[in-house]
Every structure is written in C-alpha cells, then in structure tokens.
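See structure below.
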Amino acid sequence: MAYSGKARVQKPAPHFSGTAVVDGTFEELSLTAYTSTKQWLVLGFVPMAWTFVCPTEIIAFSDRAPDFASRGASVVFASTDSEYSLLAWTNASRRDGGLGKVNIPLLSDKNHSLSKDYGVLIEEEGIALRGLFLIDPNGIVRQITINDLPVGRSVDETLRLLDAFQFTDKYGEVCPANWNPGEETIKATPEGNKAYLSKVHADTKMVDGPSNGAR
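Using UniProt numbering, you'd call the opening residue of the sequence shown number 1 and step up by one each time.
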C-alpha cells in the first residue's frame with residue numbers, strides 16, 4: 001500500500017533536496033530553488049526507469065517544457081532509481097527504451113524519503129505511484145493527481161490546471177469544469193454566479209416544474 005504522506009492541497013509542500021540529472025550532469029536540486037525564484041513547480045513521480053509508460057510521460061512533459069516555462073513554471077520528475085540509473089537512461093536512445101536528451105531534471109529518490117513525504121511510495125515494492133503535484137510560487141500545494149501504475153498522465157490537462165490556478169490567483173474569479181483560457185469564469189458571489197449562468201445557459205429553454213399530481 002502507498003505511504004500516507006505529508007503533501008496536502010492548500011498546505012506547504014514537503015521540502016525536498018537531492019541529486020538530479022540535469023543536461024547530462026549531476027546537480028543538487030531542492031524545492032527552495034523554485035520557491036526562492038517565485039516559480040510554479042510541477043513535481044511528478046514515475047515508478048521506475050527502463051520501463052514502459054514512464055518514458056512516454058517524461059518525454060511528453062520534456063517536449064512541452066517551453067509551454068510550462070512560458071507560464072513561469074518548471075517541471076521535475078522523480079523516481080526511486082539512483083542518479084546513475086537515471087543518467088544511463090538519458091544516455092540511451094528512445095528506440096531502445098531510453099529517454100535521450102530531456103529538457104527537465106530527473107531527481108533521484110533512492111532513499112524513498114521524497115516519495116514517502118508526498119504519499120506516493122508503494123512500500124512493499126519500493127517504487128512510486130504516478131503522482132503529480134502542482135506547487136505555487138509560495139510553496140503551497142494547489143493540486144494533486146495520483147494514478148495507479150498502468151496509466152500515464154496528460155500534459156494538456158496539467159497545463160490547463162496551471163492556467164486555471166494562475167487565472168484565479170490573478171483575477172479572483174473561479175474556473176468552472178473544463179475551463180480553458182478565454183472562456184467564461186465566475187465571480188464567486190450569488191450575483192456573479194447568476195450572471196455566469198445567464199450567459200452559458202442563454203439558449204436553454206425553461207422547463208416547467210412537476211404538476212401537483214406528480215410523484
């Protein structure tokens with residue numbers, strides 16, 4: 001079973017520091033490096049290097065790193081592998097199950113402390129579930145997604161969530177289901193909600209309520 005960690009929405013993200021593979025070298029990486037520069041951070045976990053779904057996720061997020069950067073966000077992926085295994089993974093070609101060059105840091109969590117703190121460690125297997133944590137520039141966890149092992153995550157949905165949180169932080173309005181930039185938002189008051197509903201349901205026909213004899 002997964003370890004019950006400390007990461008909670010609306011609460012400070014658990015601090016982390018460790019060795020990461022960055023552009024083919026080892027670098028020390030910490031949460032403070034992002035919060036001190038007021039960046040958003042997408043912190044993802046993958047179960048294990050040299051597997052099947054994991055490289056598709058890392059490559060997908062790496063390829064979209066410029067989209068995150070344009071929003072003031074960075075992406076880091078962590079696994080319970082050693083930094084040496086992660087480096088070897090980036091040195092192998094994608095045709096052979098490797099990652100090739102990636103544009104995001106890969107953080108080693110070989111002592112499992114990070115996976116425990118974020119509540120994604122499967123203790124009996126020593127690997128992490130597919131957790132994804134959106135952390136704001138103040139170090140507060142804003143969103144958590146944890147997938148079971150067989151299913152990868154969506155880059156587009158992660159960007160949509162980032163856009164939504166940044167919008168509501170800036171403008172104070174709230175974002176309805178499936179919201180994308182440019183669409184209607186809601187002022188969080190009874191009057192604001194009524195104005196929103198009037199716009200999005202302008203073409204909805206009135207439906208009469210049940211008659212007195214209805215059951």
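By construction, the Cβ of each residue, glycine as well, lies at the ideal position given by its N, Cα and C atoms. Note that this is a predicted model, so its numbers are computed, not measured.
On the criterion of 16 or more Cβ atoms from any shown chain inside 10 Å, does V9 qualify as buried, or is it exposed?
exposed
Presumed contact (8 Å Cβ cut-off) between S108 and S74, rounded CB distance
Incorrect: roughly 17 Å between the Cβ atoms, too far for contact.
Is the number of C-beta pairs between the region 58 to 75 and the region 9 to 27 that are closer than 8 Å three or more?
no
Examine the ligand SAM and report whether any of its heavy atoms sits within less than 7 Å of the Cβ of E173.
No copy of the ligand SAM appears in this structure; indeed no ligand is present at all.
Mark L31 as exposed unless 16 or more other C-beta atoms lie within 10 angstroms of its C-beta, in which case mark it buried.
buried
Would you mind reading off the limits of the beta strand (DSSP E) that contains G72?
That residue, G72, is in no beta strand (DSSP E); it is neither H nor E in DSSP.
Close-in-space but distant-in-sequence residues of the same chain around L87 (CB under 6 Å, 5 per side omitted)
V21
Going by DSSP, what residues sit across from A78 in a beta bridge?
F45, L107
Cβ atoms of P55 and L99: under 8 Å apart, would you say?
yes
Beta-carbon separation of I144 and W40 under 8 Å?
no
Roughly how many angstroms lie between the CA atoms of G44 and I122, to the nearest whole one?
15 Å
Just tell me which of N178, V120, G192 has its CA closest to the CA of G172.
G192
Cβ of S79 within 8 Å of Cβ of V120?
no
Would you please state the rounded distance, in angstroms, between the beta carbons of A13 and V141? I believe it to be under 8 Å.
5 Å
To the nearest angstrom, how far is it from the Cα of F52 to the Cα of D96?
11 Å
Got a sec, what are the start and stop residues for the alpha helix (DSSP H) L87 sits in?
83 to 91
With L29 as the anchor, note down where its beta strand (DSSP E) starts and where it stops.
25 to 30
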